[in-house]
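**Student:** Residue numbers are given in UniProt numbering: position 277 of the sequence shown equals residue 277, and the series is strictly consecutive. If you scroll down you'll find the structure; I have some questions about it.
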Amino acid sequence: MSETSPKLRAVLGGIPTYKPGKPAAAEGPVAYKLSSNENPYPPLPGVMESALAAAAGFNRYPDMACTGLMNELAERFGVPVTHIATGTGSVGVAQQLVQATSGPGDEVIYAWRSFEAYPIITQVSGATPVQVPLTSGDVHDLDAMADAITERTRLIFVCNPNNPTGTVVHREELERFLDRVPSDVLVVLDEAYKEFIRDVEVPDGLEIYRDRPNVAVLRTFSKAYGLAGLRVGFAVAHEPVAAALRKTAVPFGVSQLAQDAAVASLRAEDELLGRVGSLVCERQRVSEGLAGQGWTVPDTQANFVWLRMGELTVDFAAACEQAGVVVRAFPGEGVRVTIGETEANDIFLRAAEAFRKERF
Ligand SMILES: Cc1ncc(COP(=O)(O)O)c(C=O)c1O
Numbered sequence: 001m002s003e004t005s006p007k008l009r010a011v012l013g014g015i016p017t018y019k020p021g022k023p024a025a026a027e028g029p030v031a032y033k034l035s036s037n038e039n040p041y042p043p044l045p046g047v048m049e050s051a052l053a054a055a056a057g058f059n060r061y062p063d064m065a066c067t068g069l070m071n072e073l074a075e076r077f078g079v080p081v082t083h084i085a086t087g088t089g090s091v092g093v094a095q096q097l098v099q100a101t102s103g104p105g106d107e108v109i110y111a112w113r114s115f116e117a118y119p120i121i122t123q124v125s126g127a128t129p130v131q132v133p134l135t136s137g138d139v140h141d142l143d144a145m146a147d148a149i150t151e152r153t154r155l156i157f158v159c160n161p162n163n164p165t166g167t168v169v170h171r172e173e174l175e176r177f178l179d180r181v182p183s184d185v186l187v188v189l190d191e192a193y194k195e196f197i198r199d200v201e202v203p204d205g206l207e208i209y210r211d212r213p214n215v216a217v218l219r220t221f222s223k224a225y226g227l228a229g230l231r232v233g234f235a236v237a238h239e240p241v242a243a244a245l246r247k248t249a250v251p252f253g254v255s256q257l258a259q260d261a262a263v264a265s266l267r268a269e270d271e272l273l274g275r276v277g278s279l280v281c282e283r284q285r286v287s288e289g290l291a292g293q294g295w296t297v298p299d300t301q302a303n304f305v306w307l308r309m310g311e312l313t314v315d316f317a318a319a320c321e322q323a324g325v326v327v328r329a330f331p332g333e334g335v336r337v338t339i340g341e342t343e344a345n346d347i348f349l350r351a352a353e354a355f356r357k358e359r360f
């Protein structure tokens, strides 16, 4: 047998593997997973029924065109069906957008720190990541991002609200930024946490994309709609971009379970958005609780909070885990904590208070 392994693309050597949120411990005392920005509510009965009914046919391929879901989305959001493209979670669609626009020699701009998949999908495409630091307030520095545009720029991600900081950019500054972006550069407004926004100054990307053919909006069923495990997300973009997304899609990528559950979720939107409302109340309670303990918490419009802990990050995450909640640590930078069940949030608040008393 030969010792040599198949030749792999050299670029893979420099690409980190995507790290999922740490799971909650299977044994020991209570353990809640607050490390993946998931929705803590179980599937709604009606949504579950749709998925189970679809499961009865999983010897067949799904509807590759996602016809039912596409029509439902077009109606719900008031956009032409030709402007929609679905994919395996919004991260799948984000990857398709990069593949459709950017290859070796091209540049993809995004804020940093932001969603961890951006550097991975950029490099997998062979393109060069251009990371623009967040401001000292952990917000996108849109002026610096516009300054970073070169002849080679093909795509820019604006994550609004930003993962992991929860911070947002407002309508006026976003419009000003978009006015500076050349019309042949695609701007992707990643709105994975859109439904959790309560700040009225934050624009709805779907209003912005209408007059701007170089803007695509990314949405997901994973967060507010609670379908993270089924992998379905979508983009809304003008026809050339949406058509390119259909070309870069993995054939049959979105399962029939996911398609049917997504349709059922849109039909049960009132109830699901009611749950989002409860999570937003919990977010406020957690943010105020942390501020009351003396922490600096950036205003978050997503289903998580961000604590810049620097060198204490790993110790803090360990203390939380010890207390019964698994959080997401970015060593040397900070901790992202998903808003979960009330009990989980209580445990987290108590752990944060104890840590503060001990270490500050
Ligand atoms: C900003 C952002 N975009 C996209 C995604 C991808 O979500 P999904 O692929 O489940 O739709 C996430 C998930 O954490 C995210 O935080």
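Ideal Cβ placement from N, Cα and C applies to all residues, glycine included.
1) Between T128 and the rest of its own chain, which residues show a CB-CB distance below 6 Å, the 5 nearest in sequence each way excluded?
2) Checking the sheet assignment: what are the DSSP bridge partners for G233?
3) Using 7 Å as the cut-off, classify the Cβ of C159 as near or not near the heavy atoms of ligand 1, replying yes or no.
4) Look up F252 in the DSSP assignment and say whether it is helix, strand or coil.
5) Have a look at the DSSP bridge pairing and note the partners of G334.
6) What number of angstroms, rounded off, separates the C-alpha of S125 from the C-alpha of L279?
7) With a CB to CB cut of under 8 Å and the five nearest residues on each side skipped, what residues in its chain are close to D63?
8) Does the beta carbon of V91 fall short of 7 Å from some heavy atom of ligand 1?
9) In this structure, how does DSSP classify K33 when only helix, strand and coil are distinguished?
10) Does any heavy atom of ligand 1 sit closer than 7 Å to the C-beta of N37?
11) Comparing the CB of T296 with every heavy atom of ligand 1, is any distance shorter than 7 Å?
12) Give the single residue among S136, A329, N163, K7 whose Cα lies nearest to the Cα of F196.
13) Please report how far the alpha carbon of A224 lies from the alpha carbon of S5, in whole angstroms.
14) So the beta strand (DSSP E) Y110 belongs to, where does it begin and stop?
15) Go to C320, then tell me how far its alpha helix (DSSP H) extends in each direction, as first and last residue.
16) Rank C66, G13, Q322 by C-alpha distance to the C-alpha of A249 and give the top, closest one.
17) Compute the Euclidean distance between the alpha carbons of S265 and T86, then round it to the nearest angstrom.
18) Mind checking which residues open and close the beta strand (DSSP E) that includes T128?
19) Using a Cβ-Cβ cut-off of 7 Å (strictly less than) and excluding sequence neighbours within five positions of G57, which residues of its own chain qualify?
20) Return yes when at least one heavy atom of ligand 1 lies under 7 Å from the C-beta of G233, else no.
21) So, are the CB atoms of S90 and G233 less than 8 Å apart?
22) When every heavy atom of ligand 1 is checked, does at least one fall within less than 7 Å of the C-beta of T220?
23) In the DSSP assignment, what residue or residues form a beta bridge with T82?
24) Would DSSP call T342 helix, strand or coil?
**Tutor:** Taking the geometry as given:
1) E107
2) G87, T220
3) yes
4) coil
5) R308, F330
6) 36 Å
7) Q256, Q259
8) yes
9) strand
10) yes
11) no
12) N163
13) 44 Å
14) 107-112
15) 313-323
16) C66
17) 15 Å
18) 128-133
19) Q256
20) yes
21) yes
22) yes
23) According to DSSP, which records beta bridges pairwise, T82 is partnered with nothing at all.
24) helix
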